[in-house]
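In my numbering, the protein residues as written are 1061 to 1175.
Given below as structure tokens:
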């Protein structure tokens, strides 16, 4: 029988989990889905493990299959095929070329969400 003693279970200090906003995740996933993008390089730049970014991409792809009127579909990156990025926000789909100015796209997304 193994006996657990509290003093032996103390290890490295516990680190708090970081929370990323849905907007940040969508932005990073969109960048990671661009042709020729390196998921590892993007993850390293923002300070996360590449597997975390791969999981965010997988989740975004899985969520695109949910019904358009389902509340969990809000803010989901639908696809980034070719030269067009599609983002579903509720019942609205925003389509933008990959060369669109990031600041302009952010303004459009904010306007759609506040409407």
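Note that CB positions come from ideal geometry on N, CA and C, so glycine has one too.
Residue 1147 burial status per 10 Å Cβ neighbour count (16 or more: buried) | Start at 1 with the first residue of the chain shown, and residue 1147 comes out as number 87. It counts as buried.
Roughly how many angstroms separate the alpha carbons of residue 1080 and residue 1116, rounded to a whole number?
-> Here residue 1080 refers to the residue found at position 20 when the chain shown is read from its first residue. Here residue 1116 refers to the residue found at position 56 when the chain shown is read from its first residue. Computed Cα separation, rounded: 11 Å.
From what residue to what residue does the beta strand (DSSP E) around residue 1146 run?
-> In the chain shown, the residue the question calls residue 1146 occupies position 86. Bounds of the beta strand (DSSP E) holding residue 1146 are 1144-1149.
Thinking C-alpha only, which one of 1101, 1113 and 1083 is nearest residue 1168?
-> Residue numbering aside, residue 1168 sits at position 108 when the chain shown is read from its first letter. The shortest C-alpha separation from residue 1168 is found at 1083.
My understanding is that residue 1102 touches residue 1093, with C-beta atoms under 8 Å, so please give their C-beta distance in whole angstroms.
-> Position 42 of the chain shown, counted from the first residue, corresponds to residue 1102. Position 33 of the chain shown, counted from the first residue, corresponds to residue 1093. About 10 Å separates the beta carbons of residue 1102 and residue 1093, which is beyond the 8 Å limit, so they are not a contact pair.
Would you kindly report the start and end of the unbroken beta strand (DSSP E) that includes residue 1152?
-> For the purposes of this step, residue 1152 is identified with residue 92 of the chain shown, where counting begins at 1. That run of the beta strand (DSSP E) goes 1152-1157.
Nearest to residue 1175 by CA position, among 1149, 1159, 1104 and 1097, is which residue?
-> Numbered from its first residue, the chain shown carries residue 1175 at position 115. When only C-alpha atoms are compared, the closest one is 1149.
Whole angstroms is fine: what's the gap from residue 1106's alpha carbon to residue 1097's?
-> Here residue 1106 refers to the residue found at position 46 when the chain shown is read from its first residue. Here residue 1097 refers to the residue found at position 37 when the chain shown is read from its first residue. Whole-angstrom Cα-Cα distance: 14 Å.
Using a Cβ-Cβ cut-off of 6 Å (strictly less than) and excluding sequence neighbours within five positions of residue 1131, which residues of its own chain qualify?
-> Within the chain shown, the letter at position 71 stands for residue 1131. With a pLDDT of only 48 at residue 1131, under the threshold of 50, the placement of this residue in the model should not be trusted, and no figure is reported.
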